[in-house]
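Just so we're aligned: 1334 in my numbering is position 47 of the sequence shown, and the numbers increase by one with no gaps anywhere.
Heads up, the beta-carbon is just placed ideally off N, CA and C, and yes, glycines get one too.
First the structure, in the form of structure tokens, and then the observations on it.
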Amino acid sequence: MSRMELEITENNDNPLLNRQEVQIVIKHESDATPKRNQVIKSLSEKLKAKKELIIIDHLKNKYGKTETQGYAKIYTNKDSLNLIETKPSIARHTNTGDEPKKEKKVEKASKKETKEEVKKEVVDKESKKADKGKTNEKN
């Protein structure tokens, strides 16, 4: 696991949206930019919050620097999170492990199967049309 230091530079409580808004700085000396799930894990440990209630809005680092700045939102409950956050944002934070990659492979395989099935149907229809044309010419 990469060695990173997470520092909270700003912490605002937003009771209207039932969340805590946090500006963070992550220092990663000789490592790559940390992944979203690593940051969520560190934040949950530091703020004693549930991982599924943390949304990382953005993580940005400047070229050549070994620190990343980010913005995260920690919700008090799942209902507030689902009401406020967009579907793509929520999807980005579910299954932050290796599982989505496996699912994508399965989806691609099923798409190939459906494409092949569609091609086969089109070819069958075309051949039936051609057969009908031949029978009409004979009569």
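Check: CB-CB length for residue 1326 against residue 1357, believed under 8 Å; Outcome: 7 Å
Check: Distance between beta carbons of residue 1359 and residue 1342, contact taken as under 8 Å; Outcome: 7 Å
Check: Terminal residues of the beta strand (DSSP E) in which residue 1378 lies; Outcome: That residue, residue 1378, is in no beta strand (DSSP E); its alpha helix (DSSP H) goes 1374-1380.
Check: Where residue 1309 falls, given that 16 or more other Cβ within 10 Å makes a residue buried; Outcome: buried
Check: Sequence-distant residues of the same chain with beta carbon closer than 7 Å to residue 1312, five excluded per side; Outcome: 1294, 1296, 1354 and 1356
Check: Of the residues 1314, 1339 and 1375, the one placed nearest residue 1365, counting alpha carbons only; Outcome: 1339
Check: Cβ neighbour criterion (16 or more within 10 Å) applied to residue 1302; Outcome: exposed
Check: Alpha-carbon spacing of residue 1291 relative to residue 1363, whole angstroms; Outcome: 26 Å
Check: Extent of the continuous alpha helix (DSSP H) run through residue 1301; Outcome: Where residue 1301 is concerned, there is no enclosing alpha helix (DSSP H), although the beta strand (DSSP E) it sits in stretches over 1292-1301.
Check: Residues that DSSP places opposite residue 1335 in a beta bridge; Outcome: Residue 1335 is not bridged to any residue.
Check: Cut-off 6 Å between Cβ atoms - residues of its own chain near residue 1347, not counting five sequence neighbours on either side; Outcome: 1356
Check: CB of residue 1367 within 8 Å of CB of residue 1305, strictly; Outcome: yes
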